[in-house]
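Trainee: Numbering (our numbering), first residue to last: 89 to 236.
Okay, here's the structure, questions in a sec.
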């Protein structure tokens with residue numbers, strides 16, 4: 089009896105691992121929203137339009153993405169930024185926005201990470217950011233620039 093229960097748990101564990109992607113995957117869309125992680129470098133986003141921030145993680149792997157605001161602004165004006173609903177962080181843990189940066193990290197390894205975001209240009213009317221993506225690594229796996 090005990091060995092059959094252990095066999096059943098092992099089988100379920102392996103089946104769950106087999107359903108996970110073998111590599112980090114960034115589908116083009118999630119819930120009909122364009123995924124910013126799937127866009128090419130220097131993509132142009134529309135302001136005040138919702139986008140997906142979506143990654144499928146391989147089994148036992150984690151991800152970290154650092155957003156750096158590249159927009160130049162006068163010191164006393166509102167800067168162009170990104171927005172999301174904090175309680176809707178779908179496996180993303182987010183840091184506070186500070187010194188033009190914000191970090192998003194997966195809470196659980198091997199899980200789907202999803203967040204709905206949008207971008208605003210502030211007073212100057214447009215914005216730009218660099219995303220540094222760390223795929224189960226302490227060094228940047230790849231980077232891309234997004235403009236809005």
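Ideal Cβ positions, reconstructed from N, Cα and C, are used throughout, including at glycine.
Residue 194 and residue 151 - do their beta-carbons sit closer together than 8 Å?
Mentor: Here residue 151 refers to the residue found at position 63 when the chain shown is read from its first residue. Here residue 194 refers to the residue found at position 106 when the chain shown is read from its first residue. Cβ atoms of residue 151 and residue 194: closer than 8 Å.
Trainee: What did DSSP end up calling residue 127 once you bin it into helix, strand or coil?
Mentor: For the purposes of this step, residue 127 is taken as residue 39 along the chain shown, with counting starting at 1. Residue 127: coil per DSSP, three-state reduction.
Trainee: Whose CA, out of 129, 199, 189, 187, lies closest to the CA of residue 144?
Mentor: Translated into the one-based positions of the chain shown, residue 144 becomes position 56. Selected option, being the one with the closest Cα: 199.
Trainee: Please tell me whether residue 133 and residue 234 are closer than 8 Å, where the distance is taken between their beta carbons.
Mentor: Here residue 133 is taken as the residue at index 45 of the chain shown, counted from 1. Here residue 234 is taken as the residue at index 146 of the chain shown, counted from 1. In this structure, residue 234 lies closer than 8 Å to residue 133 by Cβ.
Trainee: Taking 6 Å as the limit between beta carbons, can you name the residues of its chain near residue 121, skipping five residues before and five after?
Mentor: As a position in the chain shown, residue 121 is number 33, starting the count at 1. Once the five neighbours on either side are set aside, the close Cβ partners of residue 121 are 138, 139, 140.
Trainee: Can you tell me the Cα-Cα spacing of residue 114 and residue 168, whole angstroms?
Mentor: Against the chain shown, residue 114 aligns to sequence position 26. Against the chain shown, residue 168 aligns to sequence position 80. Cα to Cα, residue 114 sits roughly 25 Å from residue 168.
Trainee: How far does the beta strand (DSSP E) with residue 195 in it extend, from its first residue to its last?
Mentor: Stepping through the chain shown from its first residue, residue 195 is reached at position 107. Careful: residue 195 lies outside any beta strand (DSSP E) and carries neither H nor E.
Trainee: Taking the straight line between their C-alpha atoms, what separation do you get for residue 131 and residue 223?
Mentor: As a working note, residue 131 is residue 43 in the chain shown. As a working note, residue 223 is residue 135 in the chain shown. Distance between the alpha carbons of residue 131 and residue 223: 21 Å.
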